[in-house]
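**Q**
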Amino acid sequence: MNKKTTIIKAFIRGAVAAVLTITLLTVAADLYGPLKDLLKQLFSHHWIGKGAAAIFVFLAVGFGGWIFRREAGDGSAGVARGLKILFWSTIFSAIVVFGFFVWEFLR
Amino acid sequence: MNPALKINLIVHIVVGLIAVAAFYAVLVNLLKSRLNFFSLRFFSLAGVIGIFLSWFTGGYYYAVYYGQAVKPIIKKSGYPWIHDVLMEAKEHVFLFLPFLAIVLALAIWFLESEILADEKLKRYLILTAGAAFVLGLFIVLMGMAISGAANIKSG
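Chain order of the listed sequences is Z and X.
In the working numbering, each residue's number is its place in the first sequence (first place is 1) plus 81.
In the working numbering, each residue's number is its place in the second sequence (first place is 1) plus 1.
(1) Can you pull the chain X residues whose beta carbon is under 9 Å from the beta carbon of Z/A110, in chain order?
(2) Where does X/Y62 fall in DSSP's three states?
(3) Report yes if the CB atom of X/V49 is closer than 9 Å to the CB atom of X/I103, and no otherwise.
(4) Using the beta-carbon count (16 or more within 10 Å), is X/E120 buried or exposed?
(5) Would you decide whether Z/S125 is buried or exposed? Buried here means 16 or more other CB atoms lie within 10 Å of its CB.
(6) What do you get for X/I11, buried or exposed, if any count of 16 or more other CB atoms within 10 angstroms of its CB means buried?
(7) Taking Cβ positions only, does X/R124 come closer than 9 Å to chain Z?
(8) Less than 9 Å separating the beta-carbons of Z/I166 and Z/I103?
(9) So which residues of chain Z does X/V86 contact, with C-beta pairs closer than 7 Å?
(10) Starting from Z/I89, find everything on chain X with Cβ-Cβ shorter than 8 Å and list it in chain order.
(11) Can you give the beta carbon distance from X/L6 to X/Y62, rounded, assuming they're within the 8 Å contact cut?
(12) Within 9 Å (strictly less), CB to CB, does X/K33 reach chain Z?
(13) Just the C-alpha distance for Z/A91 and Z/F137, rounded to the nearest angstrom, thanks.
(14) Is the segment 104 to 111 of chain X in contact with the segment 177 to 186 of chain Z, if contact means three or more CB pairs nearer than 8 Å?
(15) Any idea if X/N30 is buried or exposed, counting beta-carbon neighbours within 10 angstroms, 16 or more meaning buried?
(16) May I have the straight-line CA-CA distance separating X/I153 from X/W82, to the nearest angstrom?
(17) Starting from the C-beta of Z/G269, find all residues in its chain whose C-beta is less than 6 Å away, skip the five residues before and the five after it, and write them out in chain order.
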């Protein structure tokens, strides 16, 4: 097993989870006021709350994947696959966030 | 705006631009047939440091000043969509960049032999660097539009 690729793959998964968490919280907090209020209460500003949640998810998934890694790794192919998922998650999320605020403005 | 906040805003813009330039440098270096890992490591690290500094300085400005002093000006102007669409999208899409920057740097710093041996891995690193650069560039352009809208009304 290549330990380095397994650890980096875990943090790529963490990045995917962080990007999706930011997107989900952005849309959900704007549609559901109590969630935005909760983020404000906990972190003084909803945007700081989203950033803090993303950091937590990134570290939890990254270190979780590192600590509980499986013995059979798939080397650089797994890292490439992880980056592919990260790339498309980022593009999809950017379109969702931008499209959501255009929709909110127009409605 | 007090002088400390002005300096904070200038630092946010400068380090943000440095980060976007670093993502571009990583992208261009990865596109070369002979990879220079000294240069790739330097620029990927510059991207991480730049984007985190830009996050903290921009976050401070946004939480302490923008909402109270700039947002109302833009909302009352003839261009409320500059806040409602551009600023809202900018501040949230920006949050993706630190995570892209970290995984890009981790792969470049620790997977030199794998990147040299695996074309597919190199291709997806190019796409990741490209996504960070293009999103960063859009964020810079949106920032310019936001500053422009605030200055038209307050200038």
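We treat Cβ as the ideally placed atom computed from N, Cα and C, and that holds for glycine.
**A** Quick look at the numbers:
(1) Within 9 Å Cβ-Cβ: nothing; Z/A110 doesn't reach chain X, min ~10 Å.
(2) helix
(3) yes
(4) exposed
(5) exposed
(6) X/I11 sits exposed, since fewer than 16 C-beta atoms from the chains shown fall within 10 Å of its C-beta.
(7) yes
(8) No.
(9) F182, V183 and F186
(10) V104, L107, A108, F111 and L112
(11) 7 Å
(12) no
(13) 14 Å
(14) no
(15) buried
(16) 15 Å
(17) Examination of residue 269 of chain Z is not possible in this model, given that chain Z is present from 82 through 188 alone.
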